[in-house]
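Visitor:
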Amino acid sequence: MQQEYQKYYVPAQSYWPIVGAIALFLIAVGAGNFVIEATRGESGWGDNVLGAGIVMLLVMLFGWFKDQINESMSGLYSDQLGRSYRQGMSWFIFSEVMFFAAFFGALFYARMIAVPWLGGSSNNAMTNEVLWPGFQAMWPLVETPGGINTTPMSWAGLPTINTIILLISSVTLHFAHVGLEQNKRKQLTTMLGATILLGCVFLFLQVEEYIHAYQELGLTLQSGVYGNTFFLLTGFHGMHVTLGTIILMVLFLRVIKGHFTPDNHFAFQAGSWYWHFVDVVWVMLFVFVYVL
1 MQQEYQKYYV PAQSYWPIVG AIALFLIAVG AGNFVIEATR GESGWGDNVL GAGIVMLLVM
61 LFGWFKDQIN ESMSGLYSDQ LGRSYRQGMS WFIFSEVMFF AAFFGALFYA RMIAVPWLGG
121 SSNNAMTNEV LWPGFQAMWP LVETPGGINT TPMSWAGLPT INTIILLISS VTLHFAHVGL
181 EQNKRKQLTT MLGATILLGC VFLFLQVEEY IHAYQELGLT LQSGVYGNTF FLLTGFHGMH
241 VTLGTIILMV LFLRVIKGHF TPDNHFAFQA GSWYWHFVDV VWVMLFVFVY VL
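Under UniProt numbering, the residues of the sequence shown are numbered 1 to 292, in order.
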């Protein structure tokens, strides 16, 4: 018996990938120069290039989202293409897992290998006297070889509040998903709106935390390996929360327009996967960066 295959929709060529690539390039170059200029106390072109890259990235996101939404609402997608989307989203999240695993690995190497070695452990007693006399292997490092002192960020206060906020946001998003599956539009709208609000509050409090770190703790990018790993991990996570919040906002607009049904809502499901992943990463970050 001959098997019947569904028609597989192949979209037309799109210029959004190259726009996204240029945006990411501008963000990388601009952010790198902005950090260098900030550490030197200078003002240059880094912030302008960074801003241009962010604007271009937002334009790309909304433009590409618009094209995808139009294709979906036009009925061009089949079940086979839906399976491809699920596989693609799964691989994307896996790549994000590897992305953060690299930074957590760098933190592990600094704390468990480099710092003890510099302190003269593992039969390397001469290392301490030659490279950094009087150095004590302890984490976090509150002093750099150049004599810059800092105060470590406590897990209490804003970090704990932000952890509670993200955990609650996962719960509200889950109930929004349940509302969609049960066709309870009011529950869907309310819980999704609450999740977006919690995401915005998280980002606001993280900015407040950075201001507190710079102005009151002396914790900056010049604070040695501790300051570098702290801002690297929390900063990249903040970027992912920002992207996740934008995705949820797009989903919220689609919900208001009446999109999604209990049987057809993979875009909402994909956004939920991403948000829950970001929440799990923060819990790990809170434990390994703030608590331990």
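Glycine included, every Cβ here is placed at the ideal spot set by N, Cα and C.
Is the CB-CB distance between threonine 189 and leucine 173 below 7 Å?
Guide: Locating residue 189 in the sequence shown gives position 189, counting from the first residue. Locating residue 173 in the sequence shown gives position 173, counting from the first residue. Taking 7 Å as the Cβ cut-off, threonine 189 and leucine 173 do not qualify as a contacting pair.
Visitor: Count the other CB atoms within 10 Å of the CB of serine 223; is the residue buried (16 or more) or exposed (fewer)?
Guide: For the purposes of this step, residue 223 is identified with residue 223 of the sequence shown, where counting begins at 1. Label assigned to serine 223: buried.
Visitor: Buried or exposed for methionine 98, please, with buried defined as at least 16 other CB atoms from any protein chain shown within 10 angstroms of its CB.
Guide: The count along the sequence shown starts at 1 and reaches residue 98 at position 98. The residue is exposed, with fewer than 16 neighbouring Cβ atoms inside 10 Å.
Visitor: With burial defined as no fewer than 16 other Cβ atoms inside 10 Å of the residue's Cβ, what is the status of glutamate 42: buried or exposed?
Guide: Along the sequence shown, one-based indexing puts residue 42 at 42. With fewer than 16 other Cβ atoms within 10 Å, it is exposed.
Visitor: What runs of the beta strand (DSSP E), each 3 residues or longer, lie entirely inside the region 219-254?
Guide: Those beta strand (DSSP E) runs which fall completely within the region 219-254 and span 3+ residues do not exist here.
Visitor: Determine, using beta-carbon pairs with one atom in the region 42-56 and one in the region 94-110, whether at least three such pairs fall under 8 Å.
Guide: With the cut-off at 8 Å, the region 42-56 and the region 94-110 do not touch.
Visitor: In this structure, how does DSSP classify glutamate 42 when only helix, strand and coil are distinguished?
Guide: Locating residue 42 in the sequence shown gives position 42, counting from the first residue. Of the three classes helix, strand and coil, the one that applies to glutamate 42 here is coil, per DSSP.
Visitor: Taking valine 281 as the reference, give the member of Phe268, Gly147, Phe236 and Pro262 with the closest Cα.
Guide: For the purposes of this step, residue 281 is identified with residue 281 of the sequence shown, where counting begins at 1. Closest option to valine 281, Cα to Cα, is Phe236.
Visitor: According to DSSP, is asparagine 183 part of a helix, a strand, or is it coil?
Guide: Counting from 1 along the sequence shown, the entry for residue 183 is found at position 183. If DSSP states are grouped into helix, strand and coil, asparagine 183 belongs with coil.
Visitor: How about glutamate 37: is its Cβ closer than 6 Å to a heavy atom in the ligand FMN?
Guide: Among the ligands in the structure shown, none appear at all, so the ligand FMN cannot be discussed.
Visitor: If you draw a straight line from the C-alpha of phenylalanine 204 to the C-alpha of isoleucine 165, how long is it?
Guide: Looking up residue 204 in the sequence shown gives position 204. Looking up residue 165 in the sequence shown gives position 165. Distance between the alpha carbons of phenylalanine 204 and isoleucine 165 is about 12 Å.
Visitor: From isoleucine 36 to proline 17, what distance separates their C-alpha atoms?
Guide: For the purposes of this step, residue 36 is identified with residue 36 of the sequence shown, where counting begins at 1. For the purposes of this step, residue 17 is identified with residue 17 of the sequence shown, where counting begins at 1. Taking the straight line from one Cα to the other gives about 29 Å.
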